[in-house]
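A quick write-up on the structure given underneath.
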Amino acid sequence: MKRIPCHIALLAGLSVLTITGCASQADVNLLQAQVQQQATQQRNVQQRVNDLETQLRQIQSQVQEVDKRLKSLLQLSTQNTSAQSAQANMWSEMESMRVQFAKLQGEMDTLVRENQLAEQQGLKPEAVHALMQEVEDMKTALQSQLAIDFEQLSKEEKAVKGDKGAQSSDPAQALYLRALDNFKKRNYMNAQSMWAEFVKAYPKHELVSNAIFWQGESFYQTGDFARAVLSYQDVITKYPKSNKIPAAMLKQGIAFKKIGKDKAGDLVLQELVKKYPKSAEAKRAKSFQ
């Protein structure tokens, strides 16, 4: 059934009262005020809808532009310094768009909850969901090209710092964080050397498996895929309870493929999907099979 706008219904009520002569002036004034209020609310809703749709179109244009640039960058070698810098900058842009999408989605959801007139005006939250998925797909493509999980890197740094912060007096933590910082700055061999020092100096530390994993990442980024495979294997075999197992399996499978051992790579990726089917790494693994 087609809905009748509230202010029209109120007008109808006002007309009935007026015709029957049963309305006092106070009743008429009250209804008129309600009509005006409803009309104002409807105009406000329409304006908010228009504003949100404008924002959506602007972000969509940004997505399309970044998509074009991404396709071009994916043709470049990740060992090219200028390409690495451009790809890292693009990652930041896509993160910014993701935040914009989240804010826009929140505004749209609030609007729909507050007033169903939003739906009558043609507001379609599904469009935002589709665009958000498009950005996530582009982020996955960029991560695959760079072979770095930026979110994982950021989370790890925060987890290591914990409540102590960056200025901790713990020498093990300080060394680990220096290695992370060098990795983020693409000083991969410095980072690898520091993590190797960490493993040697603190063999019982809870972050040893992480340090070995990130050594593998450092080797990977410098094109030394064979040594990367060995580092990932150390994590998989020596630290079966490590939270880095899925990531190590994913990266080992990809590294095997990089050195022409496609069969070995596929076997590792298949095992990853089998053991950790709901993990983000399993989802990425499927795109390499």
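Note that the sequence shown covers residues -25 to -1, 1 to 264 in mature numbering (1 follows the signal peptide of the UniProt record, and there is no 0). We put the CB at the ideal spot given by N, CA and C, even for glycine. Every value quoted in this text rests on a predicted model; they were computed, and no experiment measured them.
Short Cβ contact (7 angstroms threshold) for residue i with residue j
i	j	result
I229	F263	yes
G191	Y207	yes
A239	F231	yes
residue 269	A260	A question about residue 269 goes unanswered here, because the residues of the chain that appear run from -25 up to 264.
S193	S217	no
I234	A201	yes
Y151	T197	no
E256	L225	yes
A147	H180	yes
Q22	L79	no
Opening and closing residue of the alpha helix (DSSP H) in which residue i lies
i	result
I229	220 to 233
F188	183 to 196
D237	237 to 250
Q167	163 to 176
K258	255 to 261
Helix, strand or coil at residue i according to DSSP, with G and I counted as helix
i	result
R202	helix
D156	helix
L(-12)	A caution first: L(-12) carries a pLDDT of 49, below 50, which makes its placement in the model unreliable, though a value can still be read off. Looking at L(-12) - three-state DSSP - the assignment turns out to be helix.
K139	A caution first: K139 carries a pLDDT of 49, below 50, which makes its placement in the model unreliable, though a value can still be read off. If DSSP states are grouped into helix, strand and coil, K139 belongs with coil.
Y209	Per the sequence presented here, residue 209 reads as Asp, with Tyr not at that position. Of the three classes helix, strand and coil, the one that applies to D209 here is helix, per DSSP.
S36	helix
T53	Confidence at T53 is low in this model, with a pLDDT of 48, below 50, so its placement is unreliable and the value that follows should be read with caution. Coil.
K43	helix
Q264	coil
G(-5)	Because the pLDDT of G(-5) is 49, which lies under 50, any placement of that residue in the model is unreliable, and the question is left without a value.
Y214	coil
K179	coil
S144	coil
R18	helix
Proximity winner among the options, relative to residue i (alpha-carbon distances)
i	options	result
D145	Y177, K43, F158	Y177
W170	R153, K160, R161	R153
S254	D199, K219, A186	K219
A186	D199, Y195, Q167	Q167
Y195	F158, N4, L182, R32	F158
D199	T212, E28, Q227, I211	Q227
D209	V174, K236, S(-2)	V174
K250	L27, V10, I211	I211
S71	Q37, E82, Q245	Q37
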